[in-house]
Amino acid sequence: MVYRWAEIIRNTLLPPVCLLCGAPGNGGRDLCEGCAAELPRNRHACARCAEALPAGAAGAVCGRCQRRPPHFDAALAPLRYAYPVDALVLQLKFGHRIAVARLLGELLADALDGRPGPLPELLIPIPLHPRRLRERGFNQAAEIARTLARRSGVALAEHAMQRARHTRAQSTLPFAERAANVARAFVLHEHVRARHVALVDDVVTTGHTVDAAARTLRLQAGVERIEVWAPARTPPPDG
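For the sequence shown, UniProt numbering begins at 1 and goes up steadily by one.
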């Protein structure tokens, strides 16, 4: 109820404006109806890692996950990392537009509405290394997770996990080097008692980052079920 009143006041004092085209927002969001219709949806995806699949294989498990199952159990990424979603993410990470995080969080929360099964007990955002956090000034995954926590009612443990070592940006590395780049990069900073946890990130690329974080939760806290939630998933790598 408090969240709804805060939303009404914010929309009255600061009417939403589309972050993509500048037109008036729709439904209380910083996204117009036209741009919302153009968002690339990830409708047919692997149930385990959310990688895009052919339409006839929707809900199946991709070959990569069958050959080498990740440490997490399921993933949700309702959008494909393509224009204009990629432009929104760049606005957030390098343009410091926190409003984008709220919008991406709302779009991700929409995908949770009516989902089968229980919600997780805890949301844990993928952490940045302190050096990168100082450079950027905020953790985009944590900003998205705040909106998810408000919408879903799931508790947020923003500082439960830490990045123990500085790693190169995954986007700058070849696919084959990304797993080693984030191996043992995470440690738990707070005791996690939850048996069912969702890791939150802005974009899932190869899945190596979230897999390393999930491995930490398995080994250090014995978490039984781990989901990965992100607004977007990159296309599958070539080959």
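All residues carry an ideal CB built from backbone N, CA and C; glycine is no exception.
Same chain only: Cβ atoms within 6 Å of residue i, ignoring 5 sequence neighbours per side
i      : result
Leu104 : Ile144 and Pro231
Asn26  : Cys32 and Glu33
Arg165 : Ala185
Pro84  : Leu20
Length of the line joining the Cα atoms of residue i and residue j
i           : j      : result
Asp86       : Pro118 : 31 Å
Asp202      : Asn139 : 10 Å
residue 244 : Val192 : Residue 244 lies beyond the range of the chain shown here (1 to 239); nothing can be said about it.
Arg215      : Pro24  : 43 Å
Pro69       : Gly22  : 43 Å
Val187      : Val197 : 15 Å
Leu76       : Glu227 : 8 Å
Glu224      : Arg136 : 33 Å
Asn42       : Pro78  : 5 Å
Ala221      : Leu128 : 20 Å
Glu106      : Arg151 : 8 Å
Cys49       : Arg134 : 30 Å
Gly63       : Trp229 : 21 Å
residue 241 : Thr209 : Coverage of the chain is limited to positions 1 through 239, which leaves residue 241 absent and any answer about it impossible.
Gly239      : His71  : Low local confidence applies: a pLDDT of 43 at Gly239 is under 50, so the model's placement there is unreliable, with the coordinate-based value given in what follows. Going from the Cα of Gly239 to the Cα of His71 covers about 23 Å.
Leu217      : Arg67  : 22 Å
Cys35       : Arg132 : 31 Å
Ala37       : Arg115 : 22 Å
Proximal residues to residue i (C-beta, below 8 Å), its chain only, five neighbours per side dropped
i           : result
residue 240 : This structure cannot settle anything about residue 240, because the visible part of the chain is limited to 1 through 239.
Ile9        : A caution first: Ile9 carries a pLDDT of 49, below 50, which makes its placement in the model too unreliable to give a value.
Asp73       : Arg48, Arg225, Ile226 and Glu227
Ala98       : For clarity, residue 98 is Ile in the given sequence; the question names Ala instead. Only Leu92, Phe138 and Glu143 meet the Cβ criterion.
Ala160      : Leu122, Ile124, Leu188, His189, Glu190 and Val192
Status (buried if at least 16 other CB within 10 Å, exposed otherwise) for residue i
i           : result
Asp211      : buried
Leu14       : exposed
Cys18       : buried
Gly30       : Note on residue identity: the sequence assigns Asp, not Gly, to residue 30. Asp30 should be labelled buried.
Glu190      : exposed
Arg102      : buried
Ala109      : buried
Ala194      : buried
Leu39       : buried
residue 245 : It is not possible to answer for residue 245, since the shown part of the chain is limited to 1 through 239.
Pro130      : exposed
Leu219      : exposed
Gly207      : buried
Nonlocal neighbours in the same chain, by C-beta distance under 7 Å from residue i, ignoring five residues either side
i           : result
Gly59       : Ala47
Pro156      : It is worth fixing the name first, because residue 156 is Leu in this sequence and not Pro. Counting only Cβ-Cβ distances below 7 Å, and skipping sequence neighbours, we find Leu123, Ala145, Arg146 and Ala149.
Ala142      : Pro125 and Glu158
Leu112      : Ser152
Tyr3        : Residue placement at Tyr3 cannot be trusted, given a pLDDT of 48 that sits under 50; the coordinates are not used to answer.
Cys65       : Cys46, Arg48 and Cys49
Val61       : Cys46, Ala47 and Arg48
residue 240 : Summary: the structure shown does not reach residue 240, with the chain confined to residues 1 through 239, and so no result is reported for it.
Any non-hydrogen atom of the ligand MG closer than 7 Å to residue i Cβ
i      : result
Leu188 : With respect to small molecules bound, the structure shown includes none, and the ligand MG cannot be examined in it.
Contact belief for residue i with residue j at Cβ below 8 Å, rounded distance in angstroms
i      : j     : result
Pro120 : Val89 : About 23 Å separates the two Cβ atoms, so there is no contact after all.
Worksheet item: Can you find at least 3 beta carbon pairs, one from the stretch 49 to 69 and one from the stretch 91 to 110, that sit closer than 8 Å?
Response: The answer is no - the stretch 91 to 110 does not touch the stretch 49 to 69, with fewer than three Cβ pairs under 8 Å.
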